[in-house]
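Asker:
Number of protein chains: 2
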Amino acid sequence: MNPAAPPVLERYRPAVERALLRVVPAPGGPLQRVHDAMAYSLEAGGKRLRPTLCLATCEAVGGAPEQGESAAAALELIHTYSLIHDDLPCMDDDDLRRGRATNHRVFGEALAVLAGDALLTRAFEVLAEDTRLPAEIRVEMVTALARAAGSLGMVGGQALDLAAEETAVELSGLREIHSRKTGALFGASCRLGALAGRGPADAVTDLAAFGERIGLAFQIVDDLLDETASAEVLGKAAGKDRDRGKATYPSLLGMEESRRHLDQVFEDAQRMLVRFGSRAEPLAELARFVVERSS
Amino acid sequence: MNPAAPPVLERYRPAVERALLRVVPAPGGPLQRVHDAMAYSLEAGGKRLRPTLCLATCEAVGGAPEQGESAAAALELIHTYSLIHDDLPCMDDDDLRRGRATNHRVFGEALAVLAGDALLTRAFEVLAEDTRLPAEIRVEMVTALARAAGSLGMVGGQALDLAAEETAVELSGLREIHSRKTGALFGASCRLGALAGRGPADAVTDLAAFGERIGLAFQIVDDLLDETASAEVLGKAAGKDRDRGKATYPSLLGMEESRRHLDQVFEDAQRMLVRFGSRAEPLAELARFVVERSS
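For the protein sequence lines, the chains are A and B, in the order given.
Residue 124 in the working numbering is what sits at position 143 of the first sequence, and the numbering runs on without skipping anything.
Residue -7 in the working numbering is what sits at position 12 of the second sequence, and the numbering runs on without skipping anything.
Now the structure itself:
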């Protein structure tokens, strides 16, 4: 599925897939079609970066993997819904995602909207119903995930991104788009993992900040890849942002300065892990993968 | 806004509007546009039936109105998001809602999708962050609301409804569509109100069942009004279901038998309130309004 995946993603993959298997609705019955549409995108693979970050963060604060299971699933549910809605004709209008036809190309627009809505809703159900965790932790996770995903987070970032197609954006504006659209959910991935692992409040804060930096790094790399990689490698259309005249790190700073910026963000993130010692080695490995990935 | 609203809706209206005011994002900043789109539909008025049912149920089990405030807001947030997405061109393609232009006609399709997503997300945030209620109650409310709104509830009902445009539906199928599309959220309105008011488990179950019956009654009345009322009275297109050849209670049972069916459902619902005595009088009044309304 992703031959370039580093050992850390492979190590966590069974736990991530197990977590997702538990949240996919059972097959059969009159709702099969909407459940098929949900499963189609959820099972389309992808790097599973957010749930892996979540489980690795849970481990970094001394938690057992099972503790982070529902949070990991919830994060991938949210990420998957956002891809389905972002790909819609009225949004980015993409036909290809992860090398396959996008959800609305297979199931039609109406069902794609509904499948996204259902995945988003299911994320909060999965978090709230996990009786293995104390209710206090669960409400904190629901609150954090909703803030990261909502109008001040990911949805707000997508709205700003759409508006940016029509007006010029400077570096501070681009950073805000990335911070909301990508940084918030990466930050929540680590925040939820740290909460699930019962880390102390200051560890939760630091690890959430680490996640936000990694999200920013991820987005800068995305911008760089959009300039340099081919559609075959990316599994989606390449050069799309550039063709649309959308602001990206390379278009505002040039390639070289963008790479310097990326190094800086990466160093910041690495520093935030120092206090967690060897337990944070998987997180460090994930950070390196985000910066060095080629697709 | 709604001159025919009965006293019970008017009595609860200040509490409902206060609850909603607390959840609308503050104006200003770069996210103004998506927040405007959210507020446009949230403030479009409407009967506020679901939050009123919630507050009245909270009262029926002896709770104070403040206890039900966040649940009431969450229910209207979910209902509002569902209207925005249902009105989209790829779904019911409606231009008019509550007598005003639909969200996508004013803000465009992309922003309408995002505003719906953000309202849905905000519903769970509002429930989870209300520290006036114990965490155990909040996780139970999040779980119940997500189940009612998700692929086995409202979203599933909408998916079945769309599929029903292409295949013949019999009475059992129509009942399932209504039960999921409308009954589930009405049931959750009463369930959340009973939970917020700290009602005992059996009262929560009974009141949720009452809510589901009221939801079914609401939908039968909707079908009857679609046959008989004018667009001016409804504030939306009339006769639309009939024109599309969609199954409705009147189309399957005829007008007279549909009305008999409605009476039966109403009586069932009334019976479920007996054990709650005079405290359930507002709920009884709401049930009567649902059955007797003309728009």
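Think of the CB as a built atom: it goes at the ideal place given N, C-alpha and C, for glycine as much as any other residue.
Between glutamate 106(B) and chain A, is there a C-beta pair that is closer than 9 Å?
Answerer: Reading the second sequence from its first residue, position 125 is the one you call residue 106(B). Chain A contact via Cβ: present.
Asker: For leucine 77(A), write down the residues that DSSP places opposite it in a beta bridge.
Answerer: Numbered from 1 along the first sequence, position 96 holds the residue referred to as residue 77(A). Paired residue(s): Ala82(A).
Asker: Could you tell me the distance, in whole angstroms, from the CA atom of methionine -18(A) to the CA atom of leucine 36(A)?
Answerer: Within the first sequence, the letter at position 1 stands for residue -18(A). Within the first sequence, the letter at position 55 stands for residue 36(A). Unreliable placement is indicated for methionine -18(A), whose pLDDT of 42 sits below 50; the coordinate value is still reported in the next sentence. So the alpha carbons of these two residues sit roughly 21 Å apart.
Asker: Can you find the residues in the same chain that come closer than 7 Å, C-beta to C-beta, to aspartate 142(B), ignoring five residues on each side of it along the sequence?
Answerer: Working through the second sequence from its first residue, we reach residue 142(B) at position 161. If we look at aspartate 142(B) and ignore the five residues flanking it on each side, its Cβ neighbours are Ile158, Lys162.
Asker: With the cut-off set at 9 Å, would you say glycine 97(B) and isoleucine 65(B) are in Cβ contact?
Answerer: The residue labelled residue 97(B) in the question sits at position 116 within the second sequence. The residue labelled residue 65(B) in the question sits at position 84 within the second sequence. Yes. Within cutoff.
Asker: Would you verify that the beta carbon of glycine 174(B) is, or is not, closer than 9 Å to some beta carbon of chain A?
Answerer: By 1-based counting over the second sequence, the position of residue 174(B) is 193. Answer no: the Cβ-Cβ gap between glycine 174(B) and chain A never drops below 9 Å.
Asker: Would a C-beta distance cut-off of 9 Å place arginine 14(A) and alanine 20(B) closer than the cut-off?
Answerer: Along the first sequence, one-based indexing puts residue 14(A) at 33. Along the second sequence, one-based indexing puts residue 20(B) at 39. Cβ distance not < 9 Å, so arginine 14(A) and alanine 20(B) don't count as in contact.
Asker: For the segment 86 to 100 of chain A, enumerate the residues whose C-beta is nearer than 7 Å to any C-beta of chain B, in chain order.
Answerer: Those would be Glu90, Ala91, Leu92, Val94, Leu95, Asp98, Ala99, in chain order.
Asker: Could one say the Cβ of methionine 253(B) lies closer than 9 Å to chain A's Cβ atoms, at least one of them?
Answerer: Looking up residue 253(B) in the second sequence gives position 272. With 9 Å as the cut-off, methionine 253(B) does not count as an interface residue toward chain A.
Asker: For valine 123(B), collect the residues of the same chain with a Cβ closer than 7 Å to its Cβ; drop the 5 residues on either side in sequence, then sort them by chain order.
Answerer: In the second sequence, residue 123(B) corresponds to position 142, counting from 1. The answer, listed in chain order, is Phe105, Leu108, Ala109.
Asker: Need the endpoints of the alpha helix (DSSP H) that glycine 168(B) sits in, please.
Answerer: As a position in the second sequence, residue 168(B) is number 187, starting the count at 1. Per DSSP, glycine 168(B) belongs to the alpha helix (DSSP H) from 165 to 177.
Asker: Rounding to the nearest angstrom, what Cα-Cα distance links phenylalanine 199(A) and arginine 156(A) in this structure?
Answerer: Taking the first residue of the first sequence as 1, we reach residue 199(A) at position 218. Taking the first residue of the first sequence as 1, we reach residue 156(A) at position 175. So the alpha carbons of these two residues sit roughly 12 Å apart.
Asker: Just to check, is the beta-carbon of valine 246(B) closer than 8 Å to a non-hydrogen atom of the ligand SAM?
Answerer: Absence of the ligand SAM from the depicted structure is noted, as is the absence of any ligand whatsoever, leaving it without description.
Asker: Using 8 Å as the cut-off, can you tell me whether the segment 77 to 85 of chain A makes contact with the segment 120 to 134 of chain A, which would need three or more C-beta pairs spanning the two stretches below that distance?
Answerer: Not touching, per the Cβ criterion.
Asker: If you draw a straight line from the alpha carbon of proline 32(B) to that of leucine 100(A), how long is it in whole angstroms?
Answerer: Along the second sequence, read from residue 1 onward, the residue named residue 32(B) stands at position 51. Along the first sequence, read from residue 1 onward, the residue named residue 100(A) stands at position 119. Approximately 24 Å, taken between the alpha carbons.
Asker: Counting C-beta neighbours from all protein chains within 10 Å, is the total for leucine 152(A) 16 or more, i.e. buried, or is it exposed?
Answerer: For the purposes of this step, residue 152(A) is taken as residue 171 along the first sequence, with counting starting at 1. Answer is exposed; the Cβ neighbour count stays below 16.
Asker: Rounding to the nearest angstrom, what Cα-Cα distance links glutamate -2(A) and glutamate 57(A) in this structure?
Answerer: As a position in the first sequence, residue -2(A) is number 17, starting the count at 1. As a position in the first sequence, residue 57(A) is number 76, starting the count at 1. Cα to Cα, glutamate -2(A) sits roughly 10 Å from glutamate 57(A).
Asker: Of all the options Ala45(A), Ser51(A), Ala165(A), Gly178(A), which has the alpha carbon lying nearest to the alpha carbon of leucine 2(A)?
Answerer: Numbered from 1 along the first sequence, position 21 holds the residue referred to as residue 2(A). Minimum Cα distance to leucine 2(A) is reached at Ser51(A).
Asker: Within the 9 Å Cβ cut-off, does proline 8(B) reach chain A?
Answerer: The residue you call residue 8(B) lines up with position 27 of the second sequence. No, its Cβ sits nowhere closer than 9 Å to a Cβ of chain A.
Asker: Tell whether a beta-carbon distance below 9 Å holds between cysteine 277(A) and leucine 23(A).
Answerer: Nothing about residue 277(A) can be reported from this structure: the residues present for chain A run from -18 to 276 only.
Asker: DSSP state of arginine 156(B), grouped into three classes?
Answerer: Sequence index remark: in the second sequence, residue 156(B) carries index 175 (1-based). DSSP places arginine 156(B) in helix when its eight states are reduced to three.
Asker: Ignore the nearest five residues each way along the sequence and tell me which others in phenylalanine 270(B)'s own chain have a CB closer than 6 Å to its CB.
Answerer: Numbered from its first residue, the second sequence carries residue 270(B) at position 289. Excluding positions up to five away in sequence, the list reads Pro(-13).
Asker: When we look at the beta-carbon of serine 275(B) and count the other beta-carbons within 10 Å, is it buried (16 or more) or exposed?
Answerer: Counted from its first residue, the second sequence places residue 275(B) at position 294. It is exposed - the Cβ of serine 275(B) has fewer than 16 other Cβ atoms within 10 Å.
Asker: Taking just the CA atoms, how far does aspartate 74(B) sit from leucine 92(A)?
Answerer: Within the first sequence, residue 92(A) is the residue found at index 111, counting from 1. Within the second sequence, residue 74(B) is the residue found at index 93, counting from 1. Leucine 92(A) and aspartate 74(B): Cα-Cα distance of roughly 14 Å.
Asker: If we cut at 9 Å on Cβ distances, does proline 11(A) have a partner in chain B?
Answerer: Taking the first sequence and counting its residues from 1, one reaches residue 11(A) at position 30. At least one chain B Cβ lies under 9 Å of proline 11(A).
Asker: What does the alpha-carbon distance come out to for the pair arginine 252(A) and valine 94(A)?
Answerer: Here residue 252(A) refers to the residue found at position 271 of the first sequence. Here residue 94(A) refers to the residue found at position 113 of the first sequence. Whole-angstrom Cα-Cα distance: 40 Å.
Asker: Taking all protein chains shown into account, do 16 or more other C-beta atoms lie within 10 angstroms of the C-beta of glutamate 273(A), making it buried, or fewer, making it exposed?
Answerer: One-based indexing of the first sequence puts residue 273(A) at position 292. Exposed: under 16 other Cβ atoms inside 10 Å.
Asker: Taking 9 Å as the CB-CB limit, is glutamate 157(B) close to chain A?
Answerer: Locating residue 157(B) in the second sequence gives position 176, where the first residue counts as 1. Answer yes: the Cβ-Cβ gap between glutamate 157(B) and chain A drops below 9 Å somewhere.
Asker: What residues from the segment 127 to 150 of chain A come within 8 Å of chain B, judged by C-beta to C-beta, listed N to C?
Answerer: The segment 127 to 150 of chain A vs chain B, Cβ under 8 Å: Ala127, Arg128, Ala130, Gly131, Ser132, Leu133, Val136, Gly137, Gln139, Ala140, Leu141, Leu143, Ala144.
Asker: Report the option in Arg(-8)(A), Ser232(A), Gly26(A), Ala41(A) whose CA atom is closest to the CA atom of phenylalanine 257(A).
Answerer: Within the first sequence, residue 257(A) is the residue found at index 276, counting from 1. Ranking the options by Cα distance to phenylalanine 257(A), first place goes to Ala41(A).
Asker: Using beta-carbon positions only, say whether leucine 188(A) and alanine 175(A) come within less than 9 Å of one another.
Answerer: Against the first sequence, residue 188(A) aligns to sequence position 207. Against the first sequence, residue 175(A) aligns to sequence position 194. Closer than 9 Å, so yes.
Asker: Does chain B have any CB closer than 9 Å to the CB of methionine 236(A)?
Answerer: Position 255 of the first sequence, counted from the first residue, corresponds to residue 236(A). Not closer than 9 Å to any Cβ of chain B, the Cβ of methionine 236(A) fails to qualify, so no.
Asker: Once you ignore the five residues that flank alanine 54(A) on each side, which residues in its own chain have a CB closer than 6 Å to its CB?
Answerer: On the first sequence, position 73 is the one that residue 54(A) refers to. Here the set comprises Ala0, Leu1, Val4, Val107.
Asker: Measuring only the C-alpha atoms, how far is threonine 283(B) from arginine -6(A)?
Answerer: Missing from the structure shown is residue 283(B); chain B here goes from -18 to 276 and no further.
Asker: State yes or no: is the C-beta of aspartate 17(A) within less than 9 Å of the C-beta of phenylalanine 88(A)?
Answerer: Locating residue 17(A) in the first sequence gives position 36, counting from the first residue. Locating residue 88(A) in the first sequence gives position 107, counting from the first residue. Against a cut-off of 9 Å, the Cβ pair of phenylalanine 88(A) and aspartate 17(A) comes out as a contact.
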